[in-house]
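Asks: When the letters of the sequence shown are read in order and numbered with my numbering, they come out as residues 265 to 547.
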Amino acid sequence: MKITIASGKGGTGKTTLSTNLTSYLASQNRKVVLADLDVEEPNSAIFLKGKLKTEQVFNKMVPKWDSTDCTLCGKCAEVCNFNAIIDLPNEIRVYPALCHSCYACSELCPTNSLPMTPERIGEICEYDSDNFSLVEGRLDLGQEMAVPLIAGTIDFVDEKFDGYIKLLDAPPGTSCPVIEASRYSDFVFLITESTPFGLNDLRLAVETMRVLKQNFGVIINRYGIGDNGVEEYCQVENIPIVTKVHNDKEVAKLYSKGELIYPKIEHFKNSLDEIVEFIGGIK
Ligand code: SF4
Ligand code: SF4
265 MKITIASGKG GTGKTTLSTN LTSYLASQNR KVVLADLDVE EPNSAIFLKG KLKTEQVFNK
325 MVPKWDSTDC TLCGKCAEVC NFNAIIDLPN EIRVYPALCH SCYACSELCP TNSLPMTPER
385 IGEICEYDSD NFSLVEGRLD LGQEMAVPLI AGTIDFVDEK FDGYIKLLDA PPGTSCPVIE
445 ASRYSDFVFL ITESTPFGLN DLRLAVETMR VLKQNFGVII NRYGIGDNGV EEYCQVENIP
505 IVTKVHNDKE VAKLYSKGEL IYPKIEHFKN SLDEIVEFIG GIK
């Protein structure tokens, strides 16, 4: 069972729900692992305090120009869809930050002048506690390409945590990183707020999920602020609302102190119960 927790925008409470749900499932003796895929600024470890178990460098493969046999034919620059290669009059220049590691230039080069070589872009850290595991992808400062590290972190979780409930905390938005974090999951929870801004971003997230043909449901966070727009939209679009988490200043206070919410706030725990029950019904 693999479930992605996503949202159309940041600040909707995705990490709060992911970390609390992980801890809550673990407290019920379920085997559960959370993958923090917000690789530009992972922060789940602030709330799920585990011991660092493994830390491994993550590389992406990029072509490296070898001038020895290059004929400067320019084919490599022609086939690169990402403008990561430029053919200059006397050299071939590669821009690793733009490279999507598709291998096209390397494989089509007639003189094997672009061998693919590993380049570090981040690391994958695994934390362990008595009852849960947390895996965190962390992009190095200055790196822009989140997707390969997100894919690598999901592969790491798939290989090491067979038989676990896998929760994937996606980066916010609706672009490539979210798609990578959602497309192989059994279900996606879209977290939103009951405000016009929340509804706008939810619409975009729903469109993305529909393009992916992904099963999804909505969790309304900070319920009670704003208006009924999100509920009305979900009703019209026939989208299940998994739970409504009530707006509560105490939740924000606990969050700001890096504490888990459900052990101290009953209505939050009730919402987690509704989510767990919903997960039980996912086929
Ligand atoms: S395709 Fe190969 S031979 Fe042609 S310019 Fe690129 S590196 Fe040189
Ligand atoms: S591997 Fe693909 S994306 Fe990277 S430089 Fe070559 S053609 Fe472009």
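All C-beta atoms, glycine included, are put in the ideal place defined by N, C-alpha and C.
Given a threshold of 16 other Cβ atoms within 10 Å of its Cβ, counted over all protein chains shown, does K278 qualify as buried or as exposed?
Replies: It is buried - the Cβ of K278 has at least 16 other Cβ atoms within 10 Å.
Asks: Compare the Cα-Cα distances from C337 to each of V509, L378, T268 and D351 and report the closest residue.
Replies: Ranking the options by Cα distance to C337, first place goes to D351.
Asks: Can you pull the DSSP bridge partners for C337?
Replies: Looking at the DSSP assignment, C337 forms no beta bridge with any residue, so it has no partner.
Asks: Thinking just about the alpha-carbon of each residue, which of A410, D419, F451 and D512 is nearest to the one in L362?
Replies: The residue with the shortest Cα to Cα distance from L362 is A410.
Asks: Consult DSSP for S439 and reduce its assignment to one of helix, strand or coil.
Replies: Three-state result, S439: coil.
Asks: Helix, strand or coil: how does DSSP classify L454 here?
Replies: Reduced to three states, the DSSP call for L454 is strand.
Asks: Say yes only if the C-beta of K328 is nearer than 6 Å to one or more non-hydrogen atoms of ligand 1, and no if none qualify.
Replies: No, since every heavy atom of ligand 1 falls outside the 6 Å radius drawn around the Cβ of K328.
Asks: Please report the Cβ distance between V262 and V421, rounded to the nearest whole angstrom; I am assuming they are in contact, meaning their Cβ atoms lie under 8 Å.
Replies: Residue 262 falls outside the range modelled here, since the chain spans only 265 to 547, and no answer is possible.
Asks: When you measure from the CB of A348 to every non-hydrogen atom of ligand 2, does any distance come out below 6 Å?
Replies: It does: the Cβ of A348 is within 6 Å (strictly closer) of some heavy atom of ligand 2.
Asks: Run the CB neighbour count on E457, radius 10 Å, all protein chains shown included, and call it buried at 16 or more, exposed below.
Replies: With 16 or more Cβ atoms within 10 Å of its Cβ, E457 is classed as buried.
Asks: CB-CB under 7 Å to Y564, same chain, minus the five flanking residues each way: which ones, in chain order?
Replies: Residue 564 is absent from the structure shown; the chain starts at 265 and stops at 547.
Asks: Between the alpha carbons of F461 and P435, how many angstroms are there, rounded?
Replies: Their Cα atoms are separated by approximately 18 Å.
Asks: Going by the C-beta, is H364 closer than 6 Å to any heavy atom of ligand 2?
Replies: H364 Cβ: within cutoff of ligand 2.
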